[in-house]
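Trainee:
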Amino acid sequence: MRKVETADIAVLGGGASGLAAAVSVLETYNCRLIVAERLDRVGKKLLATGNGRCNLSNRSLSAEAYSGSVKNMMQIIGTSADTEDFFMSMGMLCVSDSEGRIYPRSNSASSVLDALRIKLKELGGEELCGFDVKNIRTESDGFTLVSDSGEIECKRLIIAAGGYASPVFGTDGTVMRILRNMGYKTSKICPAAAPLRVSQEQIRGLKGVRAKCTVKAVSDGMILREESGEIQFTDNALSGICVFNLAKYLSGYEGRLILSADFCPDMSENKLTEFLCLAQSARYNCSLDDFLTGLLTKKLASYIMKRSVGRLLTESVSELKYADLKRISHNIKNLDFNISGASPWQNAQVTFGGIHGSCVDKRLESKLHKGMYLCGEILDVTGDCGGFNLQWAWSSGRLAGSSCAESLRAEELK
Numbered sequence: 000m001r002k003v004e005t006a007d008i009a010v011l012g013g014g015a016s017g018l019a020a021a022v023s024v025l026e027t028y029n030c031r032l033i034v035a036e037r038l039d040r041v042g043k044k045l046l047a048t049g050n051g052r053c054n055l056s057n058r059s060l061s062a063e064a065y066s067g068s069v070k071n072m073m074q075i076i077g078t079s080a081d082t083e084d085f086f087m088s089m090g091m092l093c094v095s096d097s098e099g100r101i102y103p104r105s106n107s108a109s110s111v112l113d114a115l116r117i118k119l120k121e122l123g124g125e126e127l128c129g130f131d132v133k134n135i136r137t138e139s140d141g142f143t144l145v146s147d148s149g150e151i152e153c154k155r156l157i158i159a160a161g162g163y164a165s166p167v168f169g170t171d172g173t174v175m176r177i178l179r180n181m182g183y184k185t186s187k188i189c190p191a192a193a194p195l196r197v198s199q200e201q202i203r204g205l206k207g208v209r210a211k212c213t214v215k216a217v218s219d220g221m222i223l224r225e226e227s228g229e230i231q232f233t234d235n236a237l238s239g240i241c242v243f244n245l246a247k248y249l250s251g252y253e254g255r256l257i258l259s260a261d262f263c264p265d266m267s268e269n270k271l272t273e274f275l276c277l278a279q280s281a282r283y284n285c286s287l288d289d290f291l292t293g294l295l296t297k298k299l300a301s302y303i304m305k306r307s308v309g310r311l312l313t314e315s316v317s318e319l320k321y322a323d324l325k326r327i328s329h330n331i332k333n334l335d336f337n338i339s340g341a342s343p344w345q346n347a348q349v350t351f352g353g354i355h356g357s358c359v360d361k362r363l364e365s366k367l368h369k370g371m372y373l374c375g376e377i378l379d380v381t382g383d384c385g386g387f388n389l390q391w392a393w394s395s396g397r398l399a400g401s402s403c404a405e406s407l408r409a410e411e412l413k
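In numbering that gives the first Met the number 0, the protein residues as written are 0 to 413.
1) With contact counted as at least three CB pairs below 8 Å, one residue from each stretch, are the region 41-59 and the region 94-113 in contact?
2) Just to confirm the assignment: which complete beta strand (DSSP E) runs, minimum length 3, are found wholly within the region 156-228?
3) Excluding sequence positions up to five away, which residues of its chain have a Cβ less than 8 Å from the Cβ of Leu119?
4) Whose CA, out of Met266, Tyr183, Cys153, Cys30, lies closest to the CA of Ser139?
5) Based on the DSSP output, what are the partners of Thr143 in its beta bridges?
6) Tell whether a beta-carbon distance below 8 Å holds between Asp261 and Cys212.
7) Could you tell me the boundaries of the beta strand (DSSP E) in which Val349 lies?
8) Which first and last residues belong to the beta strand (DSSP E) in which Met266 is found?
9) What residue does the alpha helix (DSSP H) around Met304 start on, and which one ends it?
10) Would you mind sorting Gly182 into buried or exposed? The rule is 16 or more other CB atoms within 10 Å of its CB.
11) Nearest by alpha-carbon distance to Ser146: which of Met221, Leu38, Gly124 is it?
12) Please name the residue, chosen from Ala47, Cys128, Asp360, that lies closest to Glu4 on a Cα-to-Cα basis.
13) Excluding sequence positions up to five away, which residues of its chain have a Cβ less than 6 Å from the Cβ of Glu229?
14) Can you tell me whether Ala409 is buried or exposed? The criterion is at least 16 other CB atoms within 10 Å of its CB, across all chains shown.
15) Taking the continuous beta strand (DSSP E) assigned at Thr5, which residues delimit it?
16) Classify Glu314 as helix, strand or coil using the three-state DSSP reduction.
17) To the nearest angstrom, how far is the alpha carbon of Ala159 from that of Asn333?
18) Between Gly353 and Asp379, which are expected to be in contact by the criterion C-beta below 8 Å, what is the C-beta distance as a whole number of angstroms?
19) Which first and last residues belong to the alpha helix (DSSP H) in which Phe336 is found?
20) In the DSSP output, what is Val94 paired with across the bridge?
21) Is it true that the CB of Ile257 sits closer than 8 Å to the CB of Ile188?
22) Take the Cβ of Pro343 as the centre, count every other Cβ of all protein chains shown within 10 Å, and call the residue buried at 16 or more, exposed below.
23) In three-state DSSP terms, what is Glu126?
24) Which of helix, strand or coil does DSSP assign to Thr233?
25) If we count Cβ pairs, one from each stretch, closer than 8 Å, do we get three or more for the region 279-298 versus the region 309-316?
26) Quick one: using the 10 Å Cβ neighbour count with 16 as the cut-off for buried, is Ile303 buried or exposed?
27) Output needed for Lys44: all residues of its chain with C-beta closer than 8 Å, excluding positions within five of it in sequence on either side, in chain order.
28) Using 8 Å as the cut-off, can you tell me whether the region 351-366 makes contact with the region 57-71, which would need three or more C-beta pairs spanning the two stretches below that distance?
29) In chain order, what residues of the same chain lie with their CB nearer than 7 Å to the CB of Asn244, ignoring the 5 residues before and after it?
30) For Glu253, which of helix, strand or coil comes out of DSSP?
31) Could you name the residues that DSSP lists as bridge partners for Ser79?
32) How big is the Cα-Cα spacing for Ser267 and Glu36?
33) Excluding sequence positions up to five away, which residues of its chain have a Cβ less than 8 Å from the Cβ of Val132?
34) Just the Cα atoms here: how many angstroms apart are Asp7 and Glu121?
35) Could you check what DSSP says for Gly239 in three-state terms: helix, strand or coil?
36) Which ranges does the beta strand (DSSP E) cover as unbroken runs of at least 3 residues, wholly within the region 38-66, from first to last along the chain?
The following block contains the structure:
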């Protein structure tokens with residue numbers, strides 16, 4: 000016989016948002032709760048965040064850092080109790096760096112997961128791992144989660160199963176597809192916080208280069224957004240946090256997206272041209288390959304020279320004309336790369352898009368199925384790198400959890 004578990008509330012997904020929801024449920028109302036997780040343990044994606052340090056949140060939360068169709072996303076983020084206080088209440092201290100990013104004081108993501116699991120156990124919550132959901136059935140008195148290994152019957156359901164990003168950590172899009180089949184609308188979905196692909200020919204010779212710059216996302220001459228940071232080049236992609244924060248624009252501008260890098264943002268193009276004139280005088284008898292040494296890293300300097308003047312780099316700097324210097328200056332300030340697509344889901348940290356905000360009310364209850372709540376990455380909310388996505392996970396999870404628990408309590412007190 001198939002094993003059947005029963006619960007008052009089931010939380011589908013044992014990641015950041017799911018665990019926050021579970022704790023919030025049990026702090027609001029004492030009931031039987033099961034966290035159903037696809038993998039062999041909860042929180043695996045959480046352990047990988049922030050390169051294992053777990054960037055919990057950011058001190059500079061603002062609407063500019065988020066996009067998506069959940070209309071009250073900033074109200075949800077703003078009204079939940081402070082994230083540092085939330086974890087302090089579970090016995091964990093936090094610290095922040097100079098850029099406002101908040102981390103556990105231990106500098107270890109395992110501290111975050113341990114705090115959540117200890118609290119969940121203390122409150123009487125259960126974990127059911129290895130539960131790979133295949134279907135969600137609606138019943139007259141609740142829901143049934145169906146897997147190959149068994150079923151979970153519950154009165155209320157919280158969906159916190161993530162999107163498509165980083166499938167190795169359990170978020171492979173299965174639940175998103177199940178919800179689509181149940182009638183839920185999704186916004187356009189693509190990888191976010193991910194490298195962006197370019198042709199190998201475009202960046203030949205740049206593999207391994209890291210350089211500080213300002214990067215603009217541009218489409219049809221319109222600047223969509225500008226980011227500063229370190230850009231990184233692989234053999235067929237652009238990477239780095241400044242690129243990750245622009246990856247979401249691929250959704251609306253696929254085939255028309257350009258990233259334009261400025262490797263000298265503190266100087267105007269005219270001032271840079273004046274400097275190059277002086278540099279030509281100082282290095283008059285040098286080869287072109289050495290002309291930009293000291294301004295840019297060697298590989299990047301050689302790449303820009305080849306792209307600007309189309310000559311052998313063994314030729315003399317003395318051969319450069321003023322028009323050549325202008326082109327070099329322009330390319331240092333506006334090095335364009337045509338984006339051909341996003342890297343695969345396994346290289347993405349976040350899903351852009353998801354269940355459309357019109358499918359849930361202001362307390363994150365489904366408008367299609369009463370008693371079902373959604374939170375975290377499965378909803379159409381995407382934040383910048385720097386703790387913004389985890390803040391959404393905590394805030395939305397806690398609201399979904401408390402809303403779900405209050406709904407159940409109200410029903411049982413009738």
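Glycine residues also receive a C-beta, built at the ideal position from the N, C-alpha and C atoms.
Mentor: Short version:
1) With a cut-off of 8 Å, the region 94-113 and the region 41-59 count as touching, because enough Cβ pairs lie within range.
2) Runs of the beta strand (DSSP E) inside the region 156-228: 189-191, 209-218.
3) Counting only Cβ-Cβ distances below 8 Å, and skipping sequence neighbours, we find Leu18, Ala21, Val22, Leu25, Val34, Glu126.
4) Closest by alpha carbon: Cys153.
5) When beta bridges are read from the DSSP output, Thr143 appears opposite Arg136, Glu152.
6) Less than 8 Å divides the Cβ of Asp261 from the Cβ of Cys212.
7) Counting along the chain, the unbroken beta strand (DSSP E) around Val349 starts and ends at 349-351.
8) No beta strand (DSSP E) holds Met266; DSSP gives it neither H nor E.
9) For Met304, the enclosing alpha helix (DSSP H) starts and ends at 297-308.
10) With fewer than 16 other CB atoms across the displayed protein chains lying within 10 angstroms of its CB, Gly182 is exposed.
11) The residue with the shortest Cα to Cα distance from Ser146 is Leu38.
12) The candidate whose alpha carbon is nearest that of Glu4 is Cys128.
13) The answer, listed in chain order, is Arg209, Lys211, Gly239.
14) Burial call: exposed.
15) For Thr5, the enclosing beta strand (DSSP E) starts and ends at 2-11.
16) Three-state DSSP puts Glu314 in coil, outside helix and strand.
17) So the two alpha carbons sit approximately 42 Å from each other.
18) Contact flag correct, Cβ pair sits at about 4 Å.
19) In this chain, Phe336 is not harboured by any alpha helix (DSSP H); it is covered by the beta strand (DSSP E) spanning 334-337.
20) The bridge partners DSSP lists for Val94 are Tyr102.
21) For Ile188 and Ile257, no; Cβs fall outside 8 Å.
22) It is exposed - the Cβ of Pro343 has fewer than 16 other Cβ atoms within 10 Å.
23) Looking at Glu126 - three-state DSSP - the assignment turns out to be strand.
24) DSSP, read as helix, strand or coil, puts Thr233 in coil.
25) The count of Cβ pairs closer than 8 Å, one atom from the region 279-298 and one from the region 309-316, reaches three, so the stretches are in contact.
26) Answer is buried; the Cβ neighbour count reaches 16.
27) Excluding positions up to five away in sequence, the list reads Gly14, Ala15, Gly161, Ser165, Phe168, Gly169, Thr170.
28) Touching, yes, given that three or more Cβ pairs across the two stretches are closer than 8 Å.
29) Excluding five sequence positions before and after Asn244, the CB atoms of its chain that fall closer than 7 Å to its own CB belong to Glu226, Asp383, Cys384, given in chain order.
30) Of the three classes helix, strand and coil, the one that applies to Glu253 here is coil, per DSSP.
31) DSSP lists no partner for Ser79.
32) A straight-line Cα-Cα distance of about 53 Å links Ser267 and Glu36.
33) Taking C-beta separations shorter than 8 Å and ignoring five residues to either side along the sequence, the partners of Val132 in its chain run Leu11, Ala35, Arg37, Leu144, Val145, Ser146, Ala160, Thr173, Val174, Ile177, following chain order.
34) If you take the alpha carbons of Asp7 and Glu121, they lie about 18 Å apart.
35) Three-state DSSP puts Gly239 in coil, outside helix and strand.
36) As far as the region 38-66 is concerned, it has no whole beta strand (DSSP E) run of at least 3 residues.
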